[in-house]
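Numbering (mature numbering (1 follows the signal peptide of the UniProt record, and there is no 0)), first residue to last: -16 to -1, 1 to 1100.
What follows is the structure, encoded as structure tokens:
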């Protein structure tokens, strides 16, 4: 009885104590700590992350600071115990940190007497106020964890931290530690922290000397030195350096310069349980035989990803009998099997095996029966083929199975039903076909993640089969080339799962969005929803946002939705909306920026939105991408868009009706990388405010009404890849400052009023597309372009360039389009042009070229090479690691979201008698050569007939002579053939009737004679204008008939003499012959007198014979 009474009294005492402590909890945080938090908030200098610590409310004494974001309090005392102040200044660049330095006053944390964990990571802190450094934290006796990574400290940070005697975890990743002053003394001071167990020094500039400094840290259990400048020499030469680490359990050495010689030293760490060696170079010979791991009997986790180890390495792993996790991914093991994986049979405790990205095929797989303890298996990105490996279905303990990016085919593996505790199933990007059997999925009730994307499944989708899977968190069914259908008859089924991520692409929802997505009405934990090309109709599903307060990403692009209206509430968690390529119309709601204040990515492109861009977008302080292109927006761009959205990295307003000046000089987007303002009605000059955007990679203001000179500060955009200013009224010269743009891939200054010569200092070695047509550039084509060996398109047409055609053009062997028409270029055509063996379009028309056509032109491919790139893609890629607690330890795919802004190449080319514009991939359908309107002489080389892939050939308006070569009948693909306005003579080859693709044909205004080709096939479509100016042509469609000659009747020859053989006597024959010759001679003289051109032709013929004879005599 007495012990019961004692127990009751003790329980009552504990309860009273708890209730006493509970007073603090009920009253909320202490007032002095609330004031201290607000004081810290005011001390933070500059932020681009939107409202800074928005829940830290000032002036409201009722506000409990324990409920504020980034603050945790002890549930009993109510005192602040944790402060997570990571990235409170937003995502800053190095330039921003210099413009807005932050010298922290550490004493502001002293009021938090019970603080246990302080995280100030990734704030670009420049240092600390004088006498207010981190040594001031020594009075915080409970401070155990301090994280300072991602700041601009240096070696001087080490000594002040030595006063924090209660620390057991210190994180100093990426704080610019390096061999130099204060390093040795700093680490010596830190070694006095006898309770320090976790030390992280990743991403610094430490070399081998750091190992000697760390030798006295004997209490460490975790040491991380990833991504430094360490190599094998220190460990291999001085194995005693780290011998004091008797307690070390986890060692991170990844991404250094170690080789296999360090392995014997690592074997001395007998207490190690986890060893991470990824991204090193273990490609040398294996030292000391295969027992290098003999000392690591306790090792449970080994990571060797991307270490390039050799074939001797694998068998040595068989001695690590305690291994539970082994990562061998990305090592190209395909050369080592078989029998390389036999060593796995001895790892009886192995629970996680990663063989991803090794080129493994079916014959290299181990006997899975020896690995019965496996829980996680990753075989993605290999060369597995054929049916699903049945041996995998015997792994009864398997929880995670990833086989993505292989070539497995056949039906969905029904044997997976045996894996009843499977949590992750990823069969994406294979060649599976057929239906997905519900019975198999019904056995996998533990599934949390399933991805069947990029296969050929058809029939009913597994969406509703999975309705009873209460643990399911992620579903990925993207790009199934079969016909998966969401059966609407299942719409009344209430799923038991609460999804976090749903991704469906190319799904055939046949009903309006409210019906098709009815199964989502009861989902409240969604973080990411992607429904692309799912035939959704109806209004925008605003209820999806209202129901899921944690929704972060919503992607509904390429559907048929209409009616975009968000509720008038703020959604702080939403950071991505993509509703591009739908049927939305009308104006955007005025309070869009207030409803989505923390949005980072907004894509409304290719809809029918109209009216003005709402100024409230300027309140989206964290906006990184804004794409409003291809709508009907009008008016001016809101001033506060550029002022408020300081974090913008991509801004695309192309193809609208926006007007006025682009932005004022207050434009300040220092993080901007991509800017597209083309195809609007902007006017005026480019404001100098753009000069602050030094990170620009794509700058497009084409097809507007801008004027003035091209600003010289554009040359400060040293990362620029695309510069497009076409179709404006810019004037002046291209200055030498352009020579600083070394990385340009596209330069388009066409259709402006630019003049002068191009700078000789150009060094555009990466340039692929050069468009300068439609200006007034003069001088010669600069020799500096010889360095642009990557050029695909060079269009310098319609300028005032003069001089000869450079012979170095032949060295631009990647050139597909060369357009120089409408200049004043002269001289003969250099034979080096024949070296352009990948050319598709060669336009040298409207110049002053002379001489004959090089016969080697027949060697040019003109369209035989089809892998032509006519589009420049500016890429902007978002990638995030999975942040679901249920999936963070599994190798599920990263969240990735790509924006590709396409710059389609456009070329004006005259064919079929008219000027046409060929854009983008349409250029692949055109190949041609235009040498018209020059002074070319001589004959058409018969080798031109070898251009059997050419679509258009224009040699008109020259001085070409001789006959039309019969070889032109080999131009089987030609659609337009123009030989007009020359001095060609003779007959039109009748073989040209074989040109079945010919649509436009002209030989007008030459000296052709004789009968036209048969009026058949394509030639029946050509009227008489094709033959105008040739009076001696006859036959349809011309009105002139050709004279028909008939042979005399044959007679039986007489055997008596020659006269009898001809049917006339000898005298009569010679008399008639003489008379005929005399009449012919007189007619020729009269004709030459009447037609001076024929006289000139005769004299030219005599001269040619004379020259030929002289050459013959001189050579003999």
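Glycine included, C-beta positions come from ideal geometry on N, C-alpha and C.
Checklist entry - Can you name the start and end residues of the beta strand (DSSP E) that residue 514 belongs to? => result Translated into positions along the chain shown, residue 514 becomes position 530. Segment 512 to 516, the beta strand (DSSP E) holding residue 514.
Checklist entry - According to the neighbour-count rule (16 or more other Cβ atoms, all chains shown, within 10 Å of its Cβ), is residue 533 buried or exposed? => result The sequence position of residue 533 within the chain shown is 549, counting from 1. Answer is exposed; the Cβ neighbour count stays below 16.
Item to check | Opening and closing residue of the alpha helix (DSSP H) in which residue 995 lies | outcome: Residue numbering aside, residue 995 sits at position 1011 when the chain shown is read from its first letter. Element bounds for residue 995: not the alpha helix (DSSP H) but the beta strand (DSSP E), 991 to 995.
Item to check | Euclidean distance between Cα positions of residue 710 and residue 787 | outcome: Within the chain shown, numbered from 1, the residue matching residue 710 stands at position 726. Within the chain shown, numbered from 1, the residue matching residue 787 stands at position 803. Between residue 710 and residue 787, the alpha-carbon positions lie close to 26 Å from each other.
Item to check | Helix, strand or coil at residue 322 according to DSSP, with G and I counted as helix | outcome: Along the chain shown, read from residue 1 onward, the residue named residue 322 stands at position 338. Confidence in residue 322 is poor, its pLDDT being 49 and thus under 50, which makes the residue's placement unreliable; the coordinate value appears in the next sentence. Reduced to three states, the DSSP call for residue 322 is coil.
Checklist entry - Taking the runs of the alpha helix (DSSP H) that are 4 residues or longer, which of them lie wholly in the segment 908 to 937? => result Runs of the alpha helix (DSSP H) inside the segment 908 to 937: none found.
Next on the checklist: Which same chain residues end up closer than 7 Å to residue 389 when comparing Cβ atoms and leaving out the 5 residues on each side of it in sequence?
Outcome noted: Numbered from 1 along the chain shown, position 405 holds the residue referred to as residue 389. Cβ within range, chain order: 364, 365 and 413.
Item to check | Alpha carbon of residue 948 to alpha carbon of residue 973, nearest angstrom | outcome: The residue you call residue 948 lines up with position 964 of the chain shown. The residue you call residue 973 lines up with position 989 of the chain shown. Residue 948 and residue 973: Cα-Cα distance of roughly 7 Å.
Next on the checklist: Taking only three categories from DSSP, how would you classify residue 181?
Outcome noted: By 1-based counting over the chain shown, the position of residue 181 is 197. Three-state DSSP puts residue 181 in coil, outside helix and strand.
Item to check | Buried versus exposed, by CB contacts within 10 Å (16 or more), residue 755 | outcome: Taking the chain shown and counting its residues from 1, the one referred to as residue 755 is at position 771. Per the 10 Å Cβ criterion, buried.
Item to check | Opening and closing residue of the alpha helix (DSSP H) in which residue 298 lies | outcome: As a position in the chain shown, residue 298 is number 314, starting the count at 1. Start and end: 297 to 300.
Item to check | Span separating the alpha-carbon of residue 717 from that of residue 314 | outcome: As a first step, residue 717 is located in the chain shown; it is residue number 733 there, counting from the start. As a first step, residue 314 is located in the chain shown; it is residue number 330 there, counting from the start. If I take the Cα positions, the gap works out to 52 Å.
Item to check | DSSP beta-bridge partners of residue 986 | outcome: Position 1002 of the chain shown holds residue 986. Residue 986 is bridged to 962.
Next on the checklist: For residue 341, tell me which candidate among 347, 362 and 211 has the shortest Cα-Cα distance.
Outcome noted: Against the chain shown, residue 341 aligns to sequence position 357. Answer by Cα proximity: 362.
Item to check | Candidates 838, 820, 813 and 842: closest to residue 1107 by CA position | outcome: Nothing about residue 1107 can be read from this structure; the chain reaches only from -16 to 1100.
Item to check | According to DSSP, residues forming a beta bridge with residue 200 | outcome: In the chain shown, counting from the first residue as 1, residue 200 sits at position 216. Residue 200 is not bridged by DSSP to any residue.
Next on the checklist: Suppose you measure from the CA of residue 432 to the CA of residue 401; what does that come to, to the nearest Å?
Outcome noted: Here the question's residue 432 lines up with position 448 in the chain shown. Here the question's residue 401 lines up with position 417 in the chain shown. Rounded to the nearest angstrom, the two C-alpha atoms are 15 Å apart.
Next on the checklist: As a quick exercise: from 806, 612, 556 and 17, pick the residue whose alpha carbon is nearest that of residue 571.
Outcome noted: Counting from one through the chain shown, the residue named residue 571 turns up at place 587. Nearest C-alpha to residue 571: 612.
Checklist entry - What residues match up with residue 827 in a beta bridge as DSSP calls it? => result The count along the chain shown starts at 1 and reaches residue 827 at position 843. Residue 827 is bridged to 803 and 914.
Checklist entry - Going straight from the alpha carbon of residue 63 to that of residue 154, what length do you get? => result Walking along the chain shown from the start, residue 63 turns up at place 79. Walking along the chain shown from the start, residue 154 turns up at place 170. So the alpha carbons of these two residues sit roughly 22 Å apart.
Next on the checklist: Measuring straight from C-alpha to C-alpha, what distance separates residue 799 and residue 185?
Outcome noted: On the chain shown, residue 799 is found 815 positions in, with the first residue counted as 1. On the chain shown, residue 185 is found 201 positions in, with the first residue counted as 1. Going from the Cα of residue 799 to the Cα of residue 185 covers about 50 Å.
Next on the checklist: Classify residue 1101: buried if its beta carbon has 16 or more other beta carbons within 10 angstroms, exposed otherwise.
Outcome noted: Not covered by the structure: residue 1101. The range shown for the chain is -16 to 1100.
Item to check | Residue range of the unbroken alpha helix (DSSP H) whose run includes residue 424 | outcome: To locate residue 424, count along the chain shown from 1; it is residue 440. It spans 422 to 426 - the alpha helix (DSSP H) in which residue 424 sits, taken as one unbroken run.
Item to check | Integer Cβ distance of residue 535 from residue 558, believed to fall under 8 Å | outcome: Here residue 535 refers to the residue found at position 551 of the chain shown. Here residue 558 refers to the residue found at position 574 of the chain shown. With a Cβ gap of about 6 Å, residue 535 and residue 558 count as contacting.
Checklist entry - Expressed to the nearest angstrom, what Euclidean distance is found between the alpha-carbon atoms of residue 399 and residue 316? => result In the chain shown, counting from the first residue as 1, residue 399 sits at position 415. In the chain shown, counting from the first residue as 1, residue 316 sits at position 332. Roughly 29 Å between the two C-alpha positions.
Checklist entry - Thinking just about the alpha-carbon of each residue, which of 634, 231, 667 and 725 is nearest to the one in residue 743? => result To locate residue 743, count along the chain shown from 1; it is residue 759. Looking at the Cα atoms, 725 is the closest of the given residues.
Checklist entry - Mind checking whether residue 518 and residue 488 have CB atoms under 8 Å apart? => result By 1-based counting over the chain shown, the position of residue 518 is 534. By 1-based counting over the chain shown, the position of residue 488 is 504. It is a contact, given that the beta carbons lie within the stated cut-off.
Checklist entry - Is residue 946 helix, strand or coil by DSSP? => result Sequence index remark: in the chain shown, residue 946 carries index 962 (1-based). If DSSP states are grouped into helix, strand and coil, residue 946 belongs with the strands.
Checklist entry - Using the beta-carbon count (16 or more within 10 Å), is residue 943 buried or exposed? => result Walking along the chain shown from the start, residue 943 turns up at place 959. Exposed, because fewer than 16 other Cβ atoms sit within 10 Å of the Cβ of residue 943.
Checklist entry - Are the beta-carbon atoms belonging to residue 1151 and residue 239 less than 8 Å from one another? => result Residue 1151 lies beyond the range of the chain shown here (-16 to 1100); nothing can be said about it.
Item to check | Cβ neighbour criterion (16 or more within 10 Å) applied to residue 525 | outcome: Residue 525 sits at position 541 when you count from the first residue of the chain shown. When all chains shown are included, residue 525 counts as buried.
Checklist entry - For the segment 789 to 804 against the segment 770 to 779, are there 3 or more C-beta pairs whose distance is under 8 Å? => result yes
Next on the checklist: Would residue 403 and residue 373 qualify as a contact pair, given that the criterion is a beta-carbon distance under 8 Å?
Outcome noted: Here residue 403 refers to the residue found at position 419 of the chain shown. Here residue 373 refers to the residue found at position 389 of the chain shown. Not a contact, by the Cβ cut-off of 8 Å.
Checklist entry - Would you report the Cα separation of residue 423 and residue 360, rounded to the nearest angstrom? => result Here the question's residue 423 lines up with position 439 in the chain shown. Here the question's residue 360 lines up with position 376 in the chain shown. Roughly 23 Å between the two C-alpha positions.
Item to check | Buried or exposed (CB count within 10 angstroms, at least 16 for buried), residue 595 | outcome: Numbered from its first residue, the chain shown carries residue 595 at position 611. Exposed, since its Cβ has fewer than 16 Cβ neighbours within 10 Å.
Checklist entry - Per DSSP, residue 811 forms a beta bridge with which residues? => result Within the chain shown, residue 811 is the residue found at index 827, counting from 1. Its beta-bridge partners are 833.
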